[in-house]
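Visitor: Residue numbers for the sequence shown follow the numbering used here, so the first one is 111 and each next one is one higher.
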Amino acid sequence: MLVDTGANVTLLRTNIAQKLNQQFIYMAPNIFLKTATGEEANVQGKLDASIECGARQFQHKVYIADFNDSCILGLDFLREFNFMVDLERNEIQTGGEEIPSFSANIEFPKLCSVFAKEKTVIPARSECLIRGVTKASEHFKYAVTNSPSQISEKGVLIAATLVDLKKETILVRILNMDNKPKTMDKGAII
Numbered sequence: 111m112l113v114d115t116g117a118n119v120t121l122l123r124t125n126i127a128q129k130l131n132q133q134f135i136y137m138a139p140n141i142f143l144k145t146a147t148g149e150e151a152n153v154q155g156k157l158d159a160s161i162e163c164g165a166r167q168f169q170h171k172v173y174i175a176d177f178n179d180s181c182i183l184g185l186d187f188l189r190e191f192n193f194m195v196d197l198e199r200n201e202i203q204t205g206g207e208e209i210p211s212f213s214a215n216i217e218f219p220k221l222c223s224v225f226a227k228e229k230t231v232i233p234a235r236s237e238c239l240i241r242g243v244t245k246a247s248e249h250f251k252y253a254v255t256n257s258p259s260q261i262s263e264k265g266v267l268i269a270a271t272l273v274d275l276k277k278e279t280i281l282v283r284i285l286n287m288d289n290k291p292k293t294m295d296k297g298a299i300i
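1. If you draw a straight line from the alpha carbon of residue 125 to that of residue 233, how long is it in whole angstroms?
2. Tell me where the beta strand (DSSP E) around residue 158 begins and ends.
3. Check each candidate in 118, 297 and 171 and name the one with the smallest Cα separation from residue 223.
4. Can you look up residue 296 in the DSSP assignment and give me helix, strand or coil?
5. Count the other C-beta atoms from every protein chain shown that fall within 10 angstroms of the C-beta of residue 286, then say buried if there are 16 or more, exposed otherwise.
6. Using C-beta distances below 7 Å, list every residue in its chain close to residue 152, excluding the 5 sequence neighbours before and after it, in chain order.
7. Only counting runs of 4 or more residues, tell me where the alpha helix (DSSP H) segments fall wholly within the segment 186–240, in order along the chain.
8. Using DSSP's beta-bridge definition, name the partner residues of residue 286.
9. Tell whether a beta-carbon distance below 7 Å holds between residue 134 and residue 157.
10. Tell me whether residue 244 sits in a helix, a strand or coil according to DSSP, three-state version.
11. What residues match up with residue 113 in a beta bridge as DSSP calls it?
12. Which residues does DSSP pair with residue 169 in a beta bridge?
13. DSSP on residue 129, reduced to helix/strand/coil?
14. What whole-angstrom Cβ distance do residue 120 and residue 172 have, given they're in contact under 8 Å?
15. What separation, rounded to the nearest whole angstrom, lies between the Cα atoms of residue 284 and residue 290?
16. On the DSSP letters alone, give me the boundaries of the beta strand (DSSP E) that residue 134 sits inside.
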């Protein structure tokens with residue numbers, strides 16, 4: 111289960127919802143949700159679900175769609191039941207109960223690099239998307255690309271971007287601030 115304060119609604123993956131043997135509240139066809147990575151997920155319907163979080167059960171309407179995670183607790187759920195997200199302690203809190211988000215004993219690497227998939231020339235004073243790849247650990251699912259300084263030593267500005275690391279290619283937006291073209295060699299860290 112993923113807690114996502116950026117998701118407006120709570121979602122349940124279709125195959126899991128089907129195992130509940132409850133009747134979907136079907137919605138108009140062709141309704142899609144846009145994910146953080148820009149993909150569209152087809153909404154199959156809604157379901158009045160019982161969600162167990164810590165020692166409590168919560169009744170909440172969830173949207174049924176096809177996406178990677180089994181369940182996404184969205185902002186609608188967190189607000190309705192007065193959850194607080196404590197990132198420092200890696201927990202969510204409600205009704206005096208503190209629910210660990212993940213095991214604090216597990217240390218995951220904090221960084222992963224994105225490498226240019228092919229040699230790319232960035233024209234002077236222009237913006238473009240560069241295709242990249244990563245050699246991320248299996249512990250990574252999503253990442254935010256970010257350059258440590260405003261303008262990197264390469265003379266380009268790299269936009270912070272949320273990327274889905276399960277995708278074969280990662281698009282990274284780069285702005286060449288220089289009056290000369292810049293070349294990003296294949297395999298170079300973006």
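Glycine residues also receive a C-beta, built at the ideal position from the N, C-alpha and C atoms.
Guide: So, from the listed chains and residues:
1. 47 Å
2. 150–163
3. 297
4. coil
5. Residue 286 should be labelled buried.
6. 142, 175 and 176
7. none
8. 266
9. yes
10. strand
11. 183
12. 160
13. Helix, per DSSP.
14. A Cβ-Cβ separation of about 5 Å places residue 120 in contact with residue 172 under the 8 Å criterion.
15. 14 Å
16. No beta strand (DSSP E) contains residue 134, which DSSP labels as neither H nor E.
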